[in-house]
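Everything below concerns the one structure shown next.
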Amino acid sequence: MAERSSGATTGAAGRAPVADRPDMVRNVVLVGHSGAGKTTLIEALLAETGTVQRPGRVEDGTTVSDFDEVEVRQQRSVNLSVAPVVHNGIKINLLDTPGYADFIGDLRAGLRAADAALFVVSAVEGVDGLTRMIWDECALVGMPRAVVISKIDHQRANFDEVLATCQDAFGDGVAPLYLPVDGTGLLGLLSQRLFDYGGGRRTEREPGPDQLALIEQYRGDLIEGIIQESEDESLMDRYLSGETIDTKVLIDDLEKAVARGSFYPVLATAPGVGTLELLEIVTQGFPSPLEHPLPHITGIDGKPCKEITADPDGPLVAEVVKTTSDPYVGRISLVRVFSGTLRPDMTVHVSGHGLADRGHEDHDVDERVGALSSPLGKLQRTVGKCAAGDVCAVAKLSRTETGDTLSGKDEPLLVEAWTMPDPLLPVAIRAKSKADEDKLSQALGRLVAEDPTLRLENNAETRQLVLWCMGEAHSDVLLDRLAKRHGVEVEKVGLRVPLRETFGGRAQGMGRNVKQTGGHGQYAICHIEVEPLPSGGGFEFVDKIVGGVVPRQFIPSVEKGVRAQMERGVVAGYPMVDIRVTLYDGKAHSVDSSDMAFQIAGQLALKEAAAKVATHLLEPVDEVAVLVPDDYVGAVMSDLSSRRGRVLGTEPVGTGRTLVRAEAPQLEITRYAVDLRSLSHGTGTFTRSFLRYEPLPAHLVDKVAATGEH
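The structure is reproduced here in structure tokens:
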């Protein structure tokens, strides 16, 4: 493919590349399951472009992926990280994403910062469920994509089989540009040349007869696929009539189809193999920030603003796609600049959508930008500016969180929020010591600022601190960060589910509050009748007092006392619901009766009535919607039934996926986020919302009543 003119520059080793023009930037996110080879591929590209001296090492000897101490201990990538390289004068920001579903928040942040995606698929393991899901998400927004089949040098590699799997999983438009040969060579289907990396450097030569036959086997399908996407409608007729289409025409049409997201080339790589071919596709086929649509931008009041483009001289619009806390330099914000130019020490306006249910405040403040840098591994290489289309790290934005917008203080703007999945795994924690408890609130605030997929709940009813996480790995990383980064030790405790109490039948009770203590005493007597209401009936208070035996001004006092006792519960300490209380008799004293006296009498009356009849514990029931591939529908329905759930029905969603609707007790689905992932091999998702309370089965009452745990 043809080279393009230079636009990004880099100095001596260790100095960050700088791009002044958006058309000379490519922002590329790497997507793939853990172990697919994303980080290894980035290290090979760093070495190929001379950014590092050898794969995996930067100037101080640390590894490129060694960005978070948690990753080192847990031996898995849990963070979005950036590695900038320069090829043929074009700066490429390689955004490495975690390969675990628990960290899909970082993966989606990478998609937001990128203009194109590389799907890395192992030639050994193939395509997993998470990779399929992210491909579908990219398809919805028209994200340009390419597929990299890695590890072609592995002894168990099977390129043909994995290629077929990719074509089946990702659909039309997926076609190879190169075929691997002996793990060290590539056959170019368009150029019909053999590129051999066996000697440590790429050499080019004519393919042999067997290799030419292999090229012809795949080349026809590739050319037809390119021509189908061509804007030249005469090209297909010319090709079918036997005319040989010039390779340059095919390459130009290929690049255009890739850039607009309608054709998805497949490349093959191994350590030291296929890097130049990949760099050519990225620089010449993937769109620049000028060609990729910007997210929707409005004023901070939500009103439309003038059209914003990727213009370095335009109004400043940037978005924080990732926030981390460094123990030495404080908070670091990874920022994608959509318009304008960000410079050190400038004052910007910080605006955010706010996620109150997850513990995030809605920001509307001015902040001074600290130093700008270009991250590479643990290194933060200082840069003097960050122009539209580029990505950089910003220090000392103390009030800024992931998802916030940075804009000019005189012209505040707001970038439309990207979709974040709901955290559905509740983990109850408590501090191990008083010292930990004193530091816990501030440390959790920092975690929430970093991670928009985390929801913090301080449940007043169960008196528990609950972290709503994406999964077990997510919760483990959060607790590890609390301990190692913030010095706060916590422990997991059993989750208490908020139960309710109700009456099992009709009963009467008398509340007698008569005390003489000298001077004004207390005098209040009330008679009530309590009866259960249907589920969801709430609370009704009926006044049947006749003859003024309870003065009018004290009837609301009785109701207030009954309500207060309902909140505290009468048997197991859970709030009482779904009852009707009728006040039908009572006595008062002209001097000693008071509002407080009748409140207490109302409480005593409810307690006495509860002692005369059976009371029931009620458990919360959620409405659950589970989206899974058709192959797992039966297993999901069976599993929900085993959780005391009721399957309400199913409906097809798109091609090959089904939505299962059900009702299930909260006690049975506290760990459903983990169990569904295992059941569906990572392909299933679900939502849940509170529906109603229902009686807890008798065989579970003794087990649950004391703690609410299950």
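Numbering-wise (UniProt numbering), the sequence shown opens with residue 1 and increments by one.
Beta carbons: idealized from backbone N, C-alpha and C, even for Gly.
Nothing here was measured: the structure is a model prediction, and the numbers come from that model.
The C-alpha of D172 is placed about 27 Å away from the C-alpha of V273. At a Cβ-Cβ threshold of 7 Å, S150 and V120 count as neighbours. The beta-carbon separation of S288 and V25, rounded to 6 Å, stays under the 8 Å limit for a contact. Under the DSSP definition of a beta bridge, K492 partners with I429.
The alpha carbon of R336 has as its nearest neighbour, out of D366, D345 and S374, the alpha carbon of S374.
About 38 Å separates the beta carbons of E489 and V570, which is beyond the 8 Å limit, so they are not a contact pair. L667 has its alpha-carbon roughly 10 Å from the corresponding atom of L696. As computed with DSSP, Y218 is found in no beta bridge at all. Relative to I555, the option among I528, G634 and E416 whose CA is nearest is I528. When the Cα atoms are used, G573 and R552 turn out to be separated by approximately 31 Å.
Between the alpha carbons of D168 and D252 lies a distance of about 26 Å. For H699, the secondary structure class from DSSP, reduced to helix, strand or coil, is helix. Residue range F159 to F170 is occupied by the alpha helix (DSSP H) that includes V162. At the C-beta level, P498 and E461 come within 7 Å of one another. Closest by C-alpha distance to E280, out of L482, R112 and I92, is I92. When the Cα atoms are used, T131 and G32 turn out to be separated by approximately 6 Å. In this structure, DSSP gives Y239 a helical state, which the three-state scheme calls helix.
The Cβ-Cβ distance between P207 and A268 does not fall below 7 Å.
Distance from V530 to A609 at the Cβ level is roughly 5 Å; contact confirmed, criterion being Cβ atoms closer than 8 Å.
Excluding five sequence positions before and after L465, the CB atoms of its chain that fall closer than 6 Å to its own CB belong to I429 and N458, given in chain order.
Secondary structure at E277: helix, using DSSP grouped into helix, strand and coil.
R219 is positioned such that its CB atom lies closer than 7 Å to that of L189. Less than 7 Å divides the Cβ of A257 from the Cβ of E229.
Contact annotation: L276 and R202 have beta-carbon atoms nearer than 7 Å. The DSSP assignment places 379-383, 391-395, 405-408, 413-415 and 425-431 as complete runs of the beta strand (DSSP E) inside the segment 373-443, in order along the chain (cut-off: 3 residues).
For E491, the closest alpha carbon among the candidates L533, S433 and V514 is that of S433. Excluding its 5 nearest sequence neighbours in each direction, G645 has C-beta neighbours in its own chain below 6 Å: A662 and A664, listed in chain order. Apart from the 5 residues on each side of it in sequence, E233 has no Cβ closer than 8 Å to any other Cβ in its chain. DSSP places H681 in the coil class of the three-state scheme, outside both helix and strand. Here P209 is exposed. Its C-beta has fewer than 16 other C-beta atoms within 10 Å. Cα atoms of E307 and I227: separation of roughly 34 Å, rounded to the nearest angstrom.
A straight line joining the alpha-carbon of S441 with that of A625 spans about 34 Å.
In this structure, A36 lies near S122, with their beta-carbon atoms less than 7 Å apart. By the CB criterion at 7 Å, E401 and T323 fall inside the cutoff. Contact between P98 and P312 is ruled out by a C-beta separation of about 31 Å, above the 8 Å threshold.
One alpha carbon belongs to H616, the other to V701, and they sit about 9 Å apart.
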